[in-house]
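Chains as they are written, first to last, in UniProt numbering: chain A, 1 to 372; chain B, 1 to 372.
The structure is reproduced here in structure tokens:
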């Protein structure tokens, strides 16, 4: 289904993507401003369903890579992502029919709209993570056999790089080094693929889902609906599963440290209401990875764990978490395409250093409820 | 003057380049074997004078980048440098008329001959350092205005990268990061330029000079001539100045540590014969940078400081220096093109962290002799 994306939809997208971004994916503020400026200049942007891309046409996803905090200091000119896409076009000798996001997350769900607006091409409604993840090989595109290169990298100075690797693990490894040396962050285009491959490998309709979630959160903020119920309803009617409230309470401690280019740490939340007397610990590495209540794991990557402000329903990033915040922690079952054996070999708990098997959030939740 | 390079010439080139490499530039062994294998397969390789390149023809220098020690463990397939050159050719839409070295040094003076042999093109007799230096912007090509990019990088796995930067300082910075992530070392092609630019910016006839020096050292080893006199004679009749014996003695201490991708340290030599009672200290950072006798600087970068084995006359790399070695330390005045104000801003003493002005080796030597 074709949608036309205006300034309001981008506002909602940024909020919804922060929710699916599970604490990571960067602050949406800058990306949102960039798209809104583009829309004011070029009009609403066309977003198409994966089924609308002709089989042999080329889709080139675009994104930013590196530390989102650096982006805010090195404000983009606005055409870097476009230029990274053109590097890939030149190498493939073919124009892009459309672009698309590689992840749901504050920043990277908006970048492709800047490119689409400038080029007058549509954005495909879908992505390769269905959430945010820290590495570029953590993509359904990779898991289901798309070559991530040729990859274009471009920085705000105009330095550029065209990278071709034998596999997508090396893509991540080398491009991460380039992003660091390009000044800590750069703009990228990668995983160029046919319409057929988009349908085969992408997680469909995640962007329109973000917009729906964002709209619900906004309307809840305006007092029009209960945000938790709205999120439950929207996720239940998507390829994700119905969201569950994992915990409610007050943030009493946040540990956060930057190591190896990642933000690692944990948040401790003291329960109230139904969770009185219990303690929630959420461990994160850019994104929230594991949620434990009194040492029992209640949700684990790749299922989604997100914090919402209890009053406004707004998603809170790991960067934004502070002592004293009153929060709802919700969990969302990840789509089946992200739970395959192949997928769990790339983003299962062990890939983040946890010595445990993946267990579906809804199964843990049911067992836990039975006990209660 | 056209020369045909056979196995013997490569043997001599490797030795002479180790001398001009001033302790750095890597072990010549592997590069030598690779060229000799190519010569056995394809016959002698043509080396041409810079004046023989037509004005508008394209010359693309080739080299290895990264830690030479890693090269010995990740033995090249032999076609990586060739492939890096082809990346640049493709980008420029033009075939290379010839290749050439970027530096005089054990390894990188031989690599272009492998490429030339495989492609059936000549090597230009010259380079961009006239010695060895640790960074890719330390090139007369850079100093006199040639853009180093598009640059091709290729590793032994087949991962590849085409890099374009706004300046050659950024070329060095980003490509160093890529080389590290490509496994610590990779093959590169860069500073593609016209015949006119080769003549304007290259240090001419350094490769044939290396061959002459290597031959002299070999013949001295066979007892046919005095190595010091031979080196004096050859350098005196080149664009370099006449070499001088800076010191003779026994190595009594070597400090060597690897930091930031460089080998840093110093060698201490106790004098004998004419230097009895004196102590020489040579500080190095991959290459020998400063020579001091009893705390008086007697030679400093970019002039050349090299150790020769006292018995055989063979050059000794900073890696190879050991306690107990009996050595001659010689200095060679660098060509004028490397002493310009512009040049000294790139590779003067301050660029290596020394808080001192450059002083020509022959001037220090004359003053010192007057005092004695």
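The beta-carbon is built from N, C-alpha and C at its ideal position, and this holds for glycine as well.
Keep in mind that this is a model prediction, so the values were computed, not measured.
#1: Closest to residue 235 (chain A) by CA distance: which of A:24, A:206, A:127 and A:254 is it?
#2: Assuming residue 112 (chain A) and residue 123 (chain A) form a contact by the criterion Cβ under 8 Å, report the distance between their Cβ atoms to the nearest whole angstrom.
#3: Measure from the C-beta of residue 160 (chain A) to each C-beta in chain B and report whether the shortest distance is under 8 Å.
#4: Contact between the stretch 94-104 of chain B and the stretch 128-146 of chain B: three or more CB pairs below 8 Å?
#5: Are residue 250 (chain A) and residue 269 (chain A) closer than 8 Å when you measure CB to CB?
#6: Using 8 Å as the limit for Cβ to Cβ distance, is residue 173 (chain B) near chain A?
#7: Quick one: which residues of the stretch 191-214 of chain B get their C-beta closer than 8 Å to a C-beta of chain A? List them in chain order.
#8: Quick one: using the 10 Å Cβ neighbour count with 16 as the cut-off for buried, is residue 84 (chain A) buried or exposed?
#9: Going by the C-beta, is residue 81 (chain A) closer than 7 Å to any heavy atom of the ligand SAM?
#10: Are the beta-carbon atoms belonging to residue 80 (chain A) and residue 60 (chain A) less than 8 Å from one another?
#11: Any idea what DSSP makes of residue 208 (chain B), helix, strand or coil?
#12: Scan the UniProt domain "S-Me-THD N-terminal" (8-164) of chain B for residues whose Cβ lies nearer than 8 Å to a Cβ of chain A and list them as they occur along the chain.
#13: Give the residues of chain A in contact with residue 166 (chain B), contact being defined as C-beta atoms less than 9 Å apart.
#14: Quick check on residue 325 (chain B): does DSSP put it in helix, strand or coil?
#15: In the DSSP assignment, find the alpha helix (DSSP H) that holds residue 29 (chain A) and state where it starts and stops.
#16: For residue 178 (chain B) and chain A, any beta-carbon pair shorter than 8 Å?
#17: Name, please, each residue of chain A whose Cβ falls closer than 9 Å to the Cβ of residue 181 (chain B).
#18: Which same chain residues, not among the five before or five after residue 240 (chain A), have their C-beta less than 7 Å away from its C-beta?
#19: Taking 8 Å as the threshold (C-beta atoms), are residue 109 (chain B) and residue 13 (chain B) in contact?
#20: For a minimum of 3 consecutive residues, which ranges assigned as the beta strand (DSSP E) are wholly contained in the stretch 264-317 of chain A?
#21: How far does the beta strand (DSSP E) with residue 18 (chain A) in it extend, from its first residue to its last?
#22: Have a look at A:66, A:315 and A:320 and flag the residue whose alpha-carbon is nearest the alpha-carbon of residue 266 (chain A).
#23: For residue 143 (chain A), which residues in the same chain have their Cβ closer than 6 Å to its Cβ, ignoring the five residues on either side in sequence?
#24: Three Cβ pairs or more, each shorter than 8 Å: is that satisfied between the stretch 18-31 of chain B and the stretch 305-313 of chain B?
#25: Need the endpoints of the alpha helix (DSSP H) that residue 170 (chain A) sits in, please.
#26: To which residues of the same chain is residue 35 (chain B) closer than 6 Å at the C-beta, ignoring the five residues directly before and after it?
#27: Mapping the DSSP letters down to three states, classify residue 331 (chain B) as helix, strand or coil.
#28: Taking buried to mean at least 16 other C-beta atoms within 10 Å of its own C-beta, is residue 40 (chain A) buried or exposed?
#29: Determine the contact status of residue 230 (chain A) and residue 62 (chain A), defining contact as a CB-CB distance below 8 Å.
#30: Kindly indicate which three-state DSSP category residue 93 (chain B) falls into: helix, strand or coil?
#31: Can at least three beta-carbon pairs, one atom from the stretch 151-161 of chain B and one from the stretch 181-188 of chain B, be found at a separation below 8 Å?
#32: Span of the alpha helix (DSSP H) holding residue 157 (chain B)?
#33: Compare the Cα-Cα distances from residue 288 (chain A) to each of A:199, A:354, A:218 and A:28 and report the closest residue.
#34: Between residue 137 (chain B) and residue 162 (chain B), is the Cβ-Cβ spacing less than 8 Å?
#35: Can you tell me the Cα-Cα spacing of residue 50 (chain B) and residue 238 (chain B), whole angstroms?
Taking the coordinates as given:
#1: A:206
#2: 5 Å between Cβ atoms; contact.
#3: yes
#4: yes
#5: yes
#6: yes
#7: none
#8: buried
#9: Among the ligands in the structure shown, none appear at all, so the ligand SAM cannot be discussed.
#10: no
#11: helix
#12: 157, 158, 159, 160, 161, 162, 163 and 164
#13: 157, 158 and 159
#14: coil
#15: 29-42
#16: yes
#17: 170, 173, 174, 175, 176, 177 and 178
#18: 332, 333, 334 and 335
#19: Yes, the pair counts as a contact, with Cβ atoms nearer than the cut-off.
#20: The stretch 264-317 of chain A contains these whole beta strand (DSSP E) runs: 279-285, 287-293, 296-300 and 304-309.
#21: Not the beta strand (DSSP E): residue 18 (chain A) falls in the alpha helix (DSSP H), residues 7-20.
#22: A:320
#23: Closer than 6 Å at the Cβ level, and outside the excluded window around residue 143 (chain A), lie 342, 343 and 346.
#24: yes
#25: Run containing residue 170 (chain A): 168-181, per the alpha helix (DSSP H) assignment.
#26: 10, 110, 113 and 114
#27: strand
#28: When all chains shown are included, residue 40 (chain A) counts as exposed.
#29: no
#30: coil
#31: Verdict: yes, contact present.
#32: It is not in any alpha helix (DSSP H) - residue 157 (chain B) carries neither H nor E in the DSSP assignment.
#33: The residue with the shortest Cα to Cα distance from residue 288 (chain A) is A:354.
#34: no
#35: 15 Å
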